[in-house]
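Asker: Just so it is clear: in the sequence shown, position 394 is 1445 by the working numbering, and no numbers are missing.
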Amino acid sequence: MDRPQQPEPVPTPPPTPSAEPGLPREAQTTTPETAASAPAAGPDSPPPAAAEPAAAAPAPEPTPAAAEPSDPAQSPAAAAAAVTLPAALGTPAAPEPALVAPEPFIPVQQAAAQTAPDTEQLTIPHLAGPPPPLPGVQPQWNFRVSDPRPAFYDPDATPTYGTRIPKPPKPADPLAVALGNASLLGIGYVLLGRKVLAVTAALVTVALLFLLVTTTPTLWFEFVVVAWWVAVIVHGWALARPRPRPNPVRTQRFVALGAAIPVLLAFGLLRFDAAGIEQDTADARADGDCGAALEATGTLWFGHELANAPLTVRADDTVRACDQLRTAGRELDTALGGNTTALAAGFGDLQGVLRDLPGHEEMVRTTMDRFLGALPVDDPCDTKAVTDWLGKEKPGGTLADATEVVPRIAPDAIVGCADFFMEKSDWQPARQRYQQLLDQYPDHELAPKAQAGVTKATQAIELNNVRTLLTPAAGSTPAYCDKPAPYSGAKPYVPNRPNRALVFGNDAHTGKIPPGWKATDAADAVIVVCAGETEYGTPVQTCPYEAADSILGYTDVTFHKIAIPLRVFEVRTGKLVASFKLEIGGASCPAVLEYRSSSYVDFGPPSQVYVAASVTDVQGAFRPMLVP
């Protein structure tokens, strides 16, 4: 009896490399129950009828595997339908290439439909141990359910090949970003990963601070910096709000606080210190103390300029004001020597501070009071020069005290300066200063003295003028005789009585007047007598004298008195008080008549000659006019 032959084992094809352990076991092998239910076929048994293609039976839709492999229970029919084998064991069919899903998240039904070949159903006997892998193409799954998906990812939109999924935004805490930007260094943008914004914000901050320091900062420019500070804080907060929060948020907040707190703390401390310096400077300005103000502003540095730019402007104004006031003080000190140019420059500086640097009025007043306190100086003429300028310019406003001090010190200075010139016999400036007092302060107690000074100086000036005019040129009468001038200091002229006189002209006769009869100087003279050329006066006697050319042998000669034209001027007024001819008598008809001929031929004696006047005759003629 022939023993039944064991069926030869079916060669098992190698497992498909693309199969993953995570797939359901139903897709890889059959269950023992399915193998046992199939009839055994021996080698002599006829081949079984061809089975229906596996594709004819509807394949169940597989479920994607979980993260870990599992063996879910499945019905035998489903297992048989899910796996197909070749038609005969002796002629195994060539395995078809495995199909791999092109992209993740491809529906399972499609993969199952593509991997189901048209093969016969094969029943495999149950063997001990794990079931062998089945030949055929297994579906490939290229996705992991546990992969996190971005919040903004749309599962319905499947990207095409080559599409790059955007990088998710960096997590950021809005508070940390806002605090980081509060440092004005762009730290908040760094936390957001926005490096360009961070660099831009830092550059804008540096530019604003540079302009704040190098230009003339004003309050509105500070508002611009504050607006920029608020803008970067709000902008950073707005950029960080839609982003996911970091876990934990403390790290970012600590970083932001580490950047913001030192900046804000330094700003606050510098601002507080600047406020104290400003108060000290304001107190010094109120006291008019430039020294204290400069000491306070000297503590300012670059940090104060960044923290409180308007303060540094006010401090710079105070420094400028004090420098200008120091210059004004030096100029005013020079002006105390009577230098009105320096005086004008000093008051110009004071007015410049009042005009260009308001708030420093007390400092200006202090500088001016120090100058006014030095008046009057020892030299009255220097004091007068100062008071003259102040009285002419009449400073007002804060400088009005300079105008008010003039009436108090000017009169003494004017008279003192006039006396100084009188002592030096410098009559003209002396008279001007005396007259100035009378014109500006006629009711002042020094007015009588000034009036006397004017008179004295005027007389001195007149006397000098008369003396100059009475200085005769050689061989001529003095200029006074043609252009007389008054000397109010002379005694008045009294008509019909002798007056002391200065006699000029016709020296041949006036030279015989005794010196004691004449005045020696214009200061002693009452009148000035200007004598003209000699003329024939009254005829005295006619006598005949021999004449060779005469038919009769003689000629008559008439003797005349000597007539001298005189002009008399009153010295006191310079007016002409008398004009007449003074006649001088003398001897006539001498025995021998001497005469001079004007040619080489003697035509005989002239028909008219002067009497021969002696010294006594001349003095007798002048005596009634000159000698009391």
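Every residue gets a Cβ at the ideal spot worked out from N, C-alpha and C, and that includes glycine.
To which residues does DSSP link residue 1592 through a beta bridge?
Answerer: 1610
Asker: What are the partner residues of residue 1629, as DSSP defines its beta bridges?
Answerer: Residue pairing by DSSP places residue 1629 opposite 1619 in a beta bridge.
Asker: Counting along the chain, where does the alpha helix (DSSP H) carrying residue 1337 start and finish?
Answerer: 1301–1338
Asker: From residue 1335 to residue 1347, what does the alpha carbon distance come to, in whole angstroms?
Answerer: 9 Å
Asker: Please confirm whether residue 1573 and residue 1518 have their CB atoms less than 8 Å apart.
Answerer: yes
Asker: Taking the alpha carbon of residue 1464 as the reference point, which residue from 1661, 1262 and 1430 has its own alpha carbon closest?
Answerer: 1430
Asker: Just reading off the beta strand (DSSP E) that residue 1640 is part of, what are its end residues?
Answerer: Run containing residue 1640: none; DSSP gives neither H nor E here.
Asker: Determine the DSSP secondary structure at residue 1602, reduced to helix, strand or coil.
Answerer: Note: residue 1602 maps to coil in three-state DSSP.
Asker: What first and last residue would you give for the beta strand (DSSP E) that runs through residue 1555?
Answerer: 1552–1555
Asker: Determine the extent of the alpha helix (DSSP H) in which residue 1503 is found, giving its start and end residues.
Answerer: 1498–1520
Asker: What does a CB cutoff of less than 6 Å around residue 1598 pick up in its chain, not counting 5 residues either side in sequence?
Answerer: 1605, 1606 and 1655
Asker: Given that a residue counts as buried once 16 or more other Cβ atoms are within 10 Å of its Cβ, and exposed if not, what is residue 1548?
Answerer: exposed
Asker: Assuming residue 1615 contacts residue 1582 (C-beta within less than 8 Å), just tell me the rounded distance between them.
Answerer: 5 Å
Asker: Compare the C-alpha of residue 1256 against each of 1542, 1608, 1458 and 1280 and name the closest.
Answerer: 1280
Asker: Do you know whose CA, among 1483, 1466, 1318 and 1294, lies nearest residue 1434's CA?
Answerer: Residue 1434 has its Cα closest to that of 1466, out of 1483, 1466, 1318 and 1294.
Asker: Use the C-beta contact count for residue 1593: other C-beta atoms within 10 angstroms, 16 or more gives buried, fewer gives exposed.
Answerer: Counting the other CB atoms within 10 Å of its CB gives residue 1593 a total below 16, which places it among the exposed residues.
Asker: Taking the straight line between their C-alpha atoms, what separation do you get for residue 1458 and residue 1380?
Answerer: 23 Å
Asker: Measuring only the C-alpha atoms, how far is residue 1309 from residue 1242?
Answerer: Cα atoms of residue 1309 and residue 1242: separation of roughly 13 Å, rounded to the nearest angstrom.
Asker: Look up residue 1582 in the DSSP assignment and give the residues it is bridged to.
Answerer: 1617
Asker: Quick one: using the 10 Å Cβ neighbour count with 16 as the cut-off for buried, is residue 1312 buried or exposed?
Answerer: exposed
Asker: Who are the Cβ neighbours of residue 1657 in its own chain at under 8 Å, not counting the five residues just before and after it?
Answerer: 1608 and 1646
Asker: Which term fits residue 1651, buried or exposed, when burial requires 16 or more other beta carbons within 10 angstroms of its beta carbon?
Answerer: When all chains shown are included, residue 1651 counts as exposed.
Asker: Classify residue 1346 as helix, strand or coil using the three-state DSSP reduction.
Answerer: helix
Asker: Once you ignore the five residues that flank residue 1370 on each side, which residues in its own chain have a CB closer than 7 Å to its CB?
Answerer: 1345 and 1348
Asker: Expressed to the nearest angstrom, what Euclidean distance is found between the alpha-carbon atoms of residue 1407 and residue 1481?
Answerer: 42 Å
Asker: Among 1665, 1512, 1261 and 1287, which one has its Cα closest to the Cα of residue 1244?
Answerer: 1287
Asker: Just to confirm before moving on: does the CB-CB distance between residue 1589 and residue 1611 stay below 8 Å?
Answerer: yes
Asker: Taking the alpha-carbon positions, what's the residue 1301 to residue 1319 distance?
Answerer: 25 Å
Asker: Quick test of your reading: residue 1579 and residue 1521, contact by CB under 8 Å. State the CB separation rounded to the nearest angstrom.
Answerer: 7 Å
Asker: Exposed or buried, which one is residue 1388 when buried takes at least 16 other CB atoms within 10 Å?
Answerer: exposed
Asker: Sorted by chain position, which residues of the same chain lie with C-beta nearer than 6 Å to residue 1333's C-beta, five sequence neighbours on each side aside?
Answerer: Taken in chain order, the list of residues that qualify is empty.
Asker: Which same chain residues end up closer than 7 Å to residue 1479 when comparing Cβ atoms and leaving out the 5 residues on each side of it in sequence?
Answerer: 1512
Asker: How long is the line joining the alpha carbons of residue 1455 and residue 1372, rounded to whole angstroms?
Answerer: 25 Å
Asker: State the CB to CB distance for the pair residue 1450 and residue 1401, rounded to an integer number of angstroms; the pair is presumed to be in contact (CB under 8 Å).
Answerer: Their Cβ separation, rounded to whole angstroms, is 6 Å, which keeps residue 1450 and residue 1401 in contact under 8 Å.
Asker: With a threshold of 7 Å, establish whether the CB of residue 1431 neighbours any heavy atom of the ligand PLP.
Answerer: This structure lacks the ligand PLP; in fact it carries no ligand of any kind.
Asker: Report all residues from its chain with a CB closer than 7 Å to the CB of residue 1253; omit the five preceding and five following residues, and keep chain order.
Answerer: 1236 and 1237
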